[in-house]
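Visitor:
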Amino acid sequence: INRRAPYIVWLTRVLNPISKHHHKMPFCFTANDIKGEDGEAWEQWLPAHAIWVPLNTGLDERLGGLMLVKSTPWADPEIKLISKLAGSYANAWELINKRSRMKGIPWRVWFSSHQMRIKLAIVLLLFLVCWFPVQQSALAPSTVVARDPTPVRAPLDGTLNAFHVTPNQMVKKGDLLFTLDAAVLNNKLEVENRTFDLIQQEYRQVLKQAVTDPESRIQKAVLENRLKKQFAEANGVRILLDRVQVLATRDGTAIFEDVHHWLGKPVPLGERILEVADPNAAELEIRLPVSDILVIETDAQVTLYPNMDPLTTWSGSVTRIAYEAQEMEGVLSYLIKARFQADVPPPRIGLRGTAKIQGRRTTLFYYLFRHPLARMRQQLGL
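Sequential numbering from 76 applies to the sequence shown in this note's numbering.
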């Protein structure tokens, strides 16, 4: 309320004398009971008939008053009803003032409500639960790969002509794996053989003439060197032809992509075509994204949940953690290797799934808010 407003100033001058002289019982009055300019201005602000109702406590302590106005005179039944209501209003006002003036710490008021007690108990319980110790963990995509596989590479530049094994087929040492196209080498060997035959015929003729002709003896030495060189070149082609057929150097499983992916594809010298690995020597390759990285120690526990059978799990332990993150499958991740338990047969090589890596023990609060806290520090630098 603006105490300087004209209506408030006028009403204060009117009520001050009335509240002082009539502080116990209701008092009815009109504009005629107001003297001076305040009475003349009554019609400008209020109806003709008014009643002043004091609001007193049970100990006759005045809290304030209530002024009601209307255009007709106040009847006795109305005055009695207003008096009773004024007593109720005064008691309520007194109770509110006592609560507001209550001495002591504020939480007494809070605990006076049953619902507030329940809410505070829930907050306290959540606070205590946040300090409950839990095990840190992270989930990451993983693949079962061979441990210490033997790579089989292209022995020379050429084109893959045929595969003699299928993916994941068991092979033994000495089994034929694949062959390269030998057409180019066969043509080259045929040319080298014809050249060798021509030089050999020429050498025989010179050898007959060298008996009587001294100059033929010099030509004979030159032809002998040409024969040795041509023989070496032809022998080199034969060695390459022997390499066209690639054999397995150990027992194991042939691991490679689809056969049709390789057939007819030109391959350079040294390109890896397939791997031969022991199916019982498998390990887990985990790609942990940088955003989910946590403190992982060697021998940390790992659990594999395969995609094809999520109810079956394999346990293992971490053996190696990459020093730097690399982009793998479009995500910047750390490469982690884990070894399965020795007393349990490992899963099939090539199996994919989700790996759960166990970290250090921490509080539930840190476990839940680790990522928000990290983002906040990155954004705010706190």
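Each residue gets a CB set at the ideal place from its N, CA and C atoms; glycine is no exception. All figures in this text were calculated on a predicted structure; none of them were measured in a lab.
Which one of Lys431, Arg414, Gln433 and Ile432 has the shortest CA to CA distance from Ile424?
Guide: The shortest Cα separation from Ile424 among Lys431, Arg414, Gln433 and Ile432 belongs to Arg414.
Visitor: Using a Cβ-Cβ cut-off of 6 Å (strictly less than) and excluding sequence neighbours within five positions of Asp223, which residues of its own chain qualify?
Guide: Taken in chain order, the list of residues that qualify is empty.
Visitor: With respect to the alpha helix (DSSP H) encompassing Val259, which residues constitute its N-terminal and C-terminal limits?
Guide: It spans Ala258 to Gln284 - the alpha helix (DSSP H) in which Val259 sits, taken as one unbroken run.
Visitor: So what does DSSP say about Thr87, is it helix, strand or coil?
Guide: Here Thr87 sits in helix by DSSP.
Visitor: Which of the three DSSP states, helix, strand or coil, is assigned to Ile193?
Guide: Three-state result, Ile193: helix.
Visitor: Secondary structure at Ala397, three-state DSSP: helix, strand or coil?
Guide: In this structure, Ala397 counts as coil in the three-state DSSP scheme.
Visitor: In three-state terms, what does DSSP make of Met451?
Guide: DSSP places Met451 in helix when its eight states are reduced to three.
Visitor: What are the boundary residues of the alpha helix (DSSP H) that Trp117 is part of?
Guide: Trp117 to Trp120 is the extent of the alpha helix (DSSP H) around Trp117.
Visitor: Enumerate in chain order the residues of its own chain whose CB-to-CB distance from Ile180 is below 7 Å, with the five nearest sequence positions on each side excluded.
Guide: At Ile180 the pLDDT is 46, less than 50, meaning the model places this residue with poor confidence and gives no usable figure here.
Visitor: Would Trp168 and Thr438 qualify as a contact pair, given that the criterion is a beta-carbon distance under 9 Å?
Guide: It is not a contact, given that the beta carbons lie outside the stated cut-off.
Visitor: Which residue wins for smallest C-alpha separation from Leu134, given the options Asp384, Pro447, Phe202 and Ala165?
Guide: Checking every option, the nearest Cα to that of Leu134 belongs to Ala165.
Visitor: Would you grab the beta carbon distance between Val220 and Ala357 for me? Rounded to a whole angstrom, and I think it's under 8 Å.
Guide: Yes, they are in contact, since the Cβ atoms of Val220 and Ala357 sit about 7 Å apart, within 8 Å.
Visitor: Only counting the same chain, and skipping five residues up and downstream in sequence, which positions put a Cβ closer than 6 Å to that of Val144?
Guide: Correct list, in chain order: Leu121, Pro122 and Ala125.
Visitor: Excluding sequence positions up to five away, which residues of its chain have a Cβ less than 8 Å from the Cβ of Arg427?
Guide: Same-chain partners within the cutoff: Pro216, Ser217, Thr218, Val219, Pro381 and Asn382.
Visitor: Mind checking Ala80: buried by the 16 CB within 10 Å criterion, or exposed?
Guide: Answer is exposed; the Cβ neighbour count stays below 16.
Visitor: Which two residues bound the contiguous alpha helix (DSSP H) that contains Trp337?
Guide: Taken as a continuous stretch (DSSP letters only), the alpha helix (DSSP H) holding Trp337 covers Val334 to Trp337.
Visitor: In chain order, what residues of the same chain lie with their CB nearer than 7 Å to the CB of Trp149, ignoring the 5 residues before and after it?
Guide: Only Cys103, His124 and Ile126 meet the Cβ criterion.
Visitor: Out of Tyr278, Thr324 and Leu322, which one is the CA nearest neighbour of Ile303?
Guide: Note that residue 303 corresponds to Lys in the displayed sequence, not to Ile. Residue Tyr278 is the option with its Cα nearest to Lys303.
Visitor: Tell me, which residues are paired with Met142 by DSSP?
Guide: DSSP, once it has assigned bridges, lists Trp127 as partnering Met142.
Visitor: For Pro343, which residues in the same chain have their Cβ closer than 6 Å to its Cβ, ignoring the five residues on either side in sequence?
Guide: Hits under 6 Å: Asp232.
Visitor: Does the distance from the C-beta atom of Lys431 to that of Thr373 stay below 9 Å?
Guide: Not a contact, by the Cβ cut-off of 9 Å.
Visitor: If you follow the beta strand (DSSP E) that Arg414 is part of, which residue opens it and which one closes it?
Guide: Here the beta strand (DSSP E) through Arg414 covers Val406 to Phe415.
Visitor: Less than 9 Å between the beta carbons of Val246 and Val393, yes or no?
Guide: No, the pair does not count as a contact, with Cβ atoms beyond the cut-off.
Visitor: Among residues of its own chain, excluding the 5 on either side of Ala323, which ones have a beta-carbon nearer than 6 Å to its beta-carbon?
Guide: Result list for Ala323: Val246, Lys248, Asp250, Leu252 and Val351, in chain order.
Visitor: When the Cα atoms are used, what is the spatial distance from Lys412 to Arg301?
Guide: Going from the Cα of Lys412 to the Cα of Arg301 covers about 57 Å.
Visitor: CA-CA distance, Lys194 and Glu115?
Guide: Each residue's Cα considered, the two are about 59 Å apart.
Visitor: With a threshold of 16 other CB atoms inside 10 Å of the CB of Leu199, please say whether the residue is buried or exposed.
Guide: That one is exposed.
Visitor: Taking the alpha carbon of Thr429 as the reference point, which residue from Ala196, Gln294, Pro385 and Tyr442 has its own alpha carbon closest?
Guide: Residue Pro385 is the option with its Cα nearest to Thr429.
Visitor: Cβ atoms of Ala229 and Glu346: under 9 Å apart, would you say?
Guide: Their beta carbons are under 9 Å apart, which means Glu346 touches Ala229 by this criterion.
Visitor: Just the C-alpha distance for Gln453 and His446, rounded to the nearest angstrom, thanks.
Guide: Roughly 11 Å separates the two Cα atoms.
Visitor: For Phe202, count the other beta carbons within 10 Å of its own beta carbon; 16 or more makes it buried, fewer makes it exposed. Which is it?
Guide: That one is exposed.
Visitor: Does DSSP put Asn236 in a helix, in a strand, or in coil?
Guide: Strand, per DSSP.
Visitor: What's the gap between the Cα of Arg450 and the Cα of Tyr409?
Guide: Cα to Cα, the separation comes out at about 20 Å.
Visitor: List the residues that DSSP assigns as beta-bridge partners of Tyr441.
Guide: BP columns for Tyr441 are empty, so no partner.
Visitor: With DSSP as the reference, label Val377 as helix, strand or coil.
Guide: Val377: strand per DSSP, three-state reduction.
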